[in-house]
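Trainee:
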Amino acid sequence: MPVQIAERWFEIRRIDDDITVLWEPHVVPLLRCNIWHVRGRDRDLLVDTGMGICSLRDAARDLFDKPVIAAATHTHTDHVGGHHEFDTCLVHRLEADRLERPRGRSALHTRDSSAEELRKLRDAGYEVGEELITALPHAGYELDGYQVKPARATIIVDEADIVDLGDRQFEILHLPGHSPGGIGLWEPSTGTLFSGDAIYDGPLLDDIPGADIDDYCRTMERLRQLPVSVVHAGHDPSFGRDRLVELATGYLERRSGRP
Numbered sequence: 002m003p004v005q006i007a008e009r010w011f012e013i014r015r016i017d018d019d020i021t022v023l024w025e026p027h028v029v030p031l032l033r034c035n036i037w038h039v040r041g042r043d044r045d046l047l048v049d050t051g052m053g054i055c056s057l058r059d060a061a062r063d064l065f066d067k068p069v070i071a072a073a074t075h076t077h078t079d080h081v082g083g084h085h086e087f088d089t090c091l092v093h094r095l096e097a098d099r100l101e102r103p104r105g106r107s108a109l110h111t112r113d114s115s116a117e118e119l120r121k122l123r124d125a126g127y128e129v130g131e132e133l134i135t136a137l138p139h140a141g142y143e144l145d146g147y148q149v150k151p152a153r154a155t156i157i158v159d160e161a162d163i164v165d166l167g168d169r170q171f172e173i174l175h176l177p178g179h180s181p182g183g184i185g186l187w188e189p190s191t192g193t194l195f196s197g198d199a200i201y202d203g204p205l206l207d208d209i210p211g212a213d214i215d216d217y218c219r220t221m222e223r224l225r226q227l228p229v230s231v232v233h234a235g236h237d238p239s240f241g242r243d244r245l246v247e248l249a250t251g252y253l254e255r256r257s258g259r260p
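Just add 1 to wherever you are in the sequence shown, counting from 1, and you've got the numbering used here.
#1: Identify every run of the beta strand (DSSP E) within the stretch 111–174, keeping only runs that are complete inside it and at least 3 residues long; order them along the chain.
#2: Considering Gly251, what are the terminal residues of the alpha helix (DSSP H) in which it resides?
#3: Can you tell me where the alpha helix (DSSP H) holding Thr220 begins and where it ends?
#4: Tell me whether Leu109 sits in a helix, a strand or coil according to DSSP, three-state version.
#5: Mind checking whether His179 and Leu137 have CB atoms under 8 angstroms apart?
#6: Considering Arg14, what are the terminal residues of the beta strand (DSSP E) in which it resides?
#7: What's the C-alpha gap between Leu31 and Arg242?
#8: Roughly how many whole angstroms lie between the Cα atoms of Thr111 and His93?
#9: For Thr89, report the span of its beta strand (DSSP E) as first-last.
#10: From this set, Ile16, Glu12, Ile20, Ile13, which residue's C-alpha is nearest Arg169's C-alpha?
#11: Starting from Asp45, trace the alpha helix (DSSP H) both ways and give me its first and last residue.
#12: Output needed for Gly130: all residues of its chain with C-beta closer than 8 angstroms, excluding positions within five of it in sequence on either side, in chain order.
#13: For Thr76, name the three-state secondary structure that DSSP assigns.
#14: CA-CA distance, Met52 and Glu254?
#15: Are the CB atoms of Thr50 and Ile36 within a distance shorter than 8 angstroms?
#16: In the DSSP assignment, find the alpha helix (DSSP H) that holds Ala97 and state where it starts and stops.
#17: In this structure, what does DSSP give as the bridge partners for Leu23?
#18: My guess is that Phe87 and Leu47 are in contact by the Cβ rule of under 8 angstroms, so how many angstroms apart are they, rounded?
#19: Can you grab the Cα-Cα spacing for the pair His38 / Gly235, in whole Å?
#20: Rounded to whole angstroms, what is the Cα-Cα separation between Leu144 and His27?
#21: Could you pull the DSSP bridge partners for Gly197 from this structure?
#22: Looking at the secondary structure, which residues open and close the alpha helix (DSSP H) in which Leu186 lies?
#23: In this structure, how does DSSP classify Arg69 when only helix, strand and coil are distinguished?
#24: Beta carbon of Val164, beta carbon of Leu194: below 8 angstroms?
#25: From Asp98 to Val229, what distance separates their C-alpha atoms?
#26: Quick one: grab the DSSP three-state call for Pro260.
#27: Going by Cα to Cα distance, which pick from Asp17, Ile54, Leu248 is closest to Phe11?
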């Protein structure tokens, strides 16, 4: 059990006039999701919401001064924990049920994980200990008490749907592989892609429940043709087109020899 009490749960960094990233520094890297806030003229966009251990709204009240669409790039625990705080939640049709009826991790430790599950994570490049947070949000917090709360899927999307913020429009890209209903949010006018876990600059997980390597390969082929200027991913630092091509090509080469 961590003994440190966190002074604050979220770190917040402004990227430019319209984009802010938030993250949970006391969550282990495996589950430390990037939470992206995009300011629009008529409404804002929130891309993923982290683990939901502490209130995202309370931590960043200044960001939530107008209507906001909380998009789920997919419904893994580390991306949708805070969606229940928002009235408007966007998700791909294949994962809408999971947003409303969460399944998966219900504790912040790995004591119930199998040796095989932990081995796969370590083989992928993640060192996972017994606990999944390195500090407590407050005194008396119980790791066994963690659970993702249901959120209502109010906007159900599919390929080529548009998310309109008034002065910015994002196209939905269906990017399965890591997750059946994984999506990216693509702004052609600026070359900006919010990719979720379809691609990020870290160990990609394709040997987990719901993942599909064939789908992942098709997604990588698609992504490396996309004329991006910047990728804001679900984990790890942002990167440009050259790194996108390098990551996608590397994945395809690694998987080309599989049976």
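Built from N, CA and C at the ideal position, the CB exists for glycine as well.
Bear in mind the structure is a predicted one, so any value in this text is a computation, not a measurement.
Mentor: Answer, in terms of the structure:
#1: Fully enclosed beta strand (DSSP E) runs of 3 or longer: 156–158, 163–165.
#2: Against the sequence shown, residue 251 aligns to sequence position 250. Unbroken alpha helix (DSSP H) run through Gly251: 242–256.
#3: Taking the sequence shown and counting its residues from 1, one reaches residue 220 at position 219. Per DSSP, Thr220 belongs to the alpha helix (DSSP H) from 214–224.
#4: In the sequence shown, counting from the first residue as 1, residue 109 sits at position 108. Correct three-state label for Leu109: coil.
#5: Within the sequence shown, numbered from 1, the residue matching residue 179 stands at position 178. Within the sequence shown, numbered from 1, the residue matching residue 137 stands at position 136. Result no, Cβ atoms of His179 and Leu137 do not sit closer than 8 angstroms.
#6: The residue labelled residue 14 in the question sits at position 13 within the sequence shown. Taken as a continuous stretch (DSSP letters only), the beta strand (DSSP E) holding Arg14 covers 12–15.
#7: Working through the sequence shown from its first residue, we reach residue 31 at position 30. Working through the sequence shown from its first residue, we reach residue 242 at position 241. When rounded, the distance between both Cα atoms is 24 angstroms.
#8: One-based indexing of the sequence shown puts residue 111 at position 110. One-based indexing of the sequence shown puts residue 93 at position 92. For Thr111 and His93, the gap between their C-alpha atoms comes out near 29 angstroms.
#9: Position 88 of the sequence shown, counting from 1, holds the residue named residue 89. DSSP places Thr89 inside the beta strand (DSSP E), whose first and last residues are 89–93.
#10: Taking the first residue of the sequence shown as 1, we reach residue 169 at position 168. Nearest C-alpha to Arg169: Ile20.
#11: Along the sequence shown, one-based indexing puts residue 45 at 44. No alpha helix (DSSP H) contains Asp45, which is instead part of the beta strand (DSSP E) from 45–48.
#12: For this step, residue 130 is matched to residue 129 along the sequence shown. Same-chain partners within the cutoff: Val29, Thr111.
#13: Translated into positions along the sequence shown, residue 76 becomes position 75. Correct three-state label for Thr76: coil.
#14: The residue you call residue 52 lines up with position 51 of the sequence shown. The residue you call residue 254 lines up with position 253 of the sequence shown. Cα to Cα, the separation comes out at about 32 angstroms.
#15: The residue labelled residue 36 in the question sits at position 35 within the sequence shown. The residue labelled residue 50 in the question sits at position 49 within the sequence shown. In this structure, Thr50 lies closer than 8 angstroms to Ile36 by Cβ.
#16: Taking the sequence shown and counting its residues from 1, one reaches residue 97 at position 96. For Ala97, the enclosing alpha helix (DSSP H) covers residues 97–101.
#17: For the purposes of this step, residue 23 is taken as residue 22 along the sequence shown, with counting starting at 1. BP columns for Leu23 point to Ile13, Ile36.
#18: Position 86 of the sequence shown, counted from the first residue, corresponds to residue 87. Position 46 of the sequence shown, counted from the first residue, corresponds to residue 47. The pair is a contact, with the Cβ atoms about 7 angstroms apart (cut-off 8 angstroms).
#19: The residue you call residue 38 lines up with position 37 of the sequence shown. The residue you call residue 235 lines up with position 234 of the sequence shown. Roughly 12 angstroms between the two C-alpha positions.
#20: The sequence position of residue 144 within the sequence shown is 143, counting from 1. The sequence position of residue 27 within the sequence shown is 26, counting from 1. Whole-angstrom Cα-Cα distance: 13 angstroms.
#21: Counting from 1 along the sequence shown, the entry for residue 197 is found at position 196. BP columns for Gly197 point to Ala234.
#22: Along the sequence shown, one-based indexing puts residue 186 at 185. Leu186 -> not in any alpha helix (DSSP H); beta strand (DSSP E) instead, spanning 184–188.
#23: Sequence index remark: in the sequence shown, residue 69 carries index 68 (1-based). First, the amino acid is wrong: residue 69 is Val here, not Arg. Val69 carries a strand assignment under DSSP once its states are collapsed to helix, strand and coil.
#24: For the purposes of this step, residue 164 is taken as residue 163 along the sequence shown, with counting starting at 1. For the purposes of this step, residue 194 is taken as residue 193 along the sequence shown, with counting starting at 1. No, these two residues do not count as a Cβ contact at 8 angstroms.
#25: Your numbering for residue 98 matches position 97 in the sequence shown. Your numbering for residue 229 matches position 228 in the sequence shown. The alpha-carbon atoms of Asp98 and Val229 are separated by roughly 31 angstroms.
#26: Position 259 of the sequence shown, counting from 1, holds the residue named residue 260. Model confidence at Pro260 stands at a pLDDT of 45, short of 50, so the residue's coordinates are unreliable; what they give is reported in the following sentence. Of the three classes helix, strand and coil, the one that applies to Pro260 here is coil, per DSSP.
#27: In the sequence shown, counting from the first residue as 1, residue 11 sits at position 10. Ranking Asp17, Ile54, Leu248 by Cα distance to Phe11 puts Ile54 first.
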